Amino acid sequence: MRKLLSLIALCLLSLCPLAAQPLNATALQQHPVFTSIDEALKTPESVYRLKLKIKADSLPEEIFQFVNLQELVVNKCRLSVVNVRISELAFLQRLDVSNNQLVRLPESLCLLSNLKELIISRNHIEELPNDIGNLLNLEYIDAWDNPLYSLPESISRLQFSLKELDLRQIELRDEELETMEKQLPNTKIQYTSTCDCHSTRGK
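All you need for the working numbering is the position in the sequence shown, starting with 1, plus 36.
Encoded structure:
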């Protein structure tokens with residue numbers, strides 16, 4: 037009877053697709069980069085990397101059909117919103133929404149437990165989501181050229197995982213940078229200047 041049950045279980049497993057999982061960098065690079073949603077929709081389960089050049093306020097809803105998606109690049113697309121549904125892309129490791137018109141990121145972003153790279157440079161983002169400290173696999177944040185002068189308290193939970201934070205072209209005051217360095221003592225923080233003479237903020 038046990039042998040029969042084992043055989044049945046093996047048969048059932050063979051009929052089911054393998055469970056999705058995050059790929060290592062080498063394996064991910066071996067997958068093609070889709071640049072067309074229409075082309076990607078022909079085999080949605082095979083889409084691991086997607087790079088779109090669109091002109092839209094928000095991400096196309098079709099993206100959320102790509103349940104195995106692990107790299108999403110939507111830069112220079114005039115996005116003003118990152119959909120709250122972004123959390124549905126559970127295996128996403130790299131998100132590039134640089135050079136858009138974003139002023140904030142949704143809190144649902146903090147549910148992307150596999151996220152390693154967050155690239156938000158050249159937007160208008162004034163603060164990171166409060167729960168960004170939940171992204172325990174996050175290694176790199178590129179926030180270059182955003183009006184980002186402080187970090188959420190929760191980010192201190194990333195002090196051993198976050199390797200680099202790029203804050204260049206952000207007019208940080210000395211005390212602002214010092215606070216960030218205390219929050220992330222093991223992180224390489226790239227910055228341009230810590231001079232108070234440049235800014236009219238708070239005047």
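Yeah, the Cβ is synthetic: ideal placement off N, Cα and C, and Gly gets one too.
Computed from a predicted model, the values in this text were never measured in an experiment.
Self-check item: Rounded C-alpha distance that separates Ser116 from Gln226
Solution: 26 Å
Exercise. Provide the residue(s) that pair with Phe70 in DSSP beta bridges, ordered along the chain.
Key: Leu86
Practice problem: Output the residue ranges of the beta strand (DSSP E) runs that lie fully inside the segment 129-166 and measure 3 residues or longer, sorted by chain position. | Solution: 130-132 and 153-155
Practice problem: Give the secondary structure of Glu217 by DSSP, where H, G and I count as helix, E and B as strand, and everything else as coil. | Solution: helix
Quiz item: Taking C-beta to C-beta, are Leu151 and Leu174 nearer than 9 Å?
Solution: yes
Self-check item: 6 Å Cβ shell around Thr228 - same chain, five flanking residues per side excluded
Solution: Arg204 and Gln205
Quiz prompt | Contact set for Ile191: own chain, Cβ-Cβ below 6 Å, skip 5 residues either direction | solution = Ile168, Gly169 and Gln219
Quiz item: Taking the DSSP output, what are the residues bridged to Gln226?
Solution: Asp202
Practice problem: Helix, strand or coil for Glu207, going by three-state DSSP, please let me know. | Solution: strand
Quiz item: Just the Cα atoms here: how many angstroms apart are Asn222 and Leu213?
Solution: 14 Å
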